[in-house]
Amino acid sequence: FRSLMNCFAIAISVGLQYGVPLEEFVDKFTFTRFEPSGMVGGHDNIKSATSIIDYIFRMLGYEYLHRTDLVHVITEQNAVLGNPQLADEDVNPDPSNVAAPKA
């Protein structure tokens with residue numbers, strides 16, 4: 728099983744290096760169903776998965792694509808527009824940096 732997962736990880740890595748968007752992989756591999764499946768321990772937002780592959784791509788989608796639709800627990804930190812990386816200045820920009828509307 729470990730060797731198969733290693734080969735799968737290499738294939739995903741090569742795909743990403745050749746320009747396949749992570750979002751494509753996340754859309755294709757979330758909700759895949761096989762054993763082992765069930766409750767997840769050790770992640771604050773993902774509480775169950777239908778397979779190891781499902782868990783991996785839920786986590787990648789959440790961490791890198793900010794896909795809060797793939798997690799079970801949404802915290803205040805990631806509730807701002809579904810993006811945990813947004814700072815206050817991203818949501819409320821400094822007015823001096825905003826371009827004036829064209830007349």
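Counting in the numbering used here, the sequence shown runs from 728 upward without gaps. All C-beta atoms, glycine included, are put in the ideal place defined by N, C-alpha and C.
Asked                                                                                                                                 : Found
Let me make sure I understand the geometry here. Which of VAL747, MET766 and THR757 has the alpha-carbon closest to that of GLY788?   : THR757
Tell me which same chain residues have a C-beta within less than 6 Å of the C-beta of LEU808, skipping the five on either side of it? : The predicted position of LEU808 is uncertain, since its pLDDT is 49 and thus under 50; no value can be drawn from it.
Would you kindly work out how many angstroms separate the C-alpha atoms of ARG729 and GLU762, rounded to a whole number?              : 14 Å
On the criterion of 16 or more Cβ atoms from any shown chain inside 10 Å, does ASP781 qualify as buried, or is it exposed?            : buried
In whole angstroms, what separates the C-alpha of ILE773 from that of LEU749?                                                         : 19 Å
Can you tell me whether ARG760 is buried or exposed, with buried defined as 16 or more other CB within 10 angstroms of its CB?        : exposed
What is the DSSP secondary structure of SER730, reduced to helix, strand or coil?                                                     : helix
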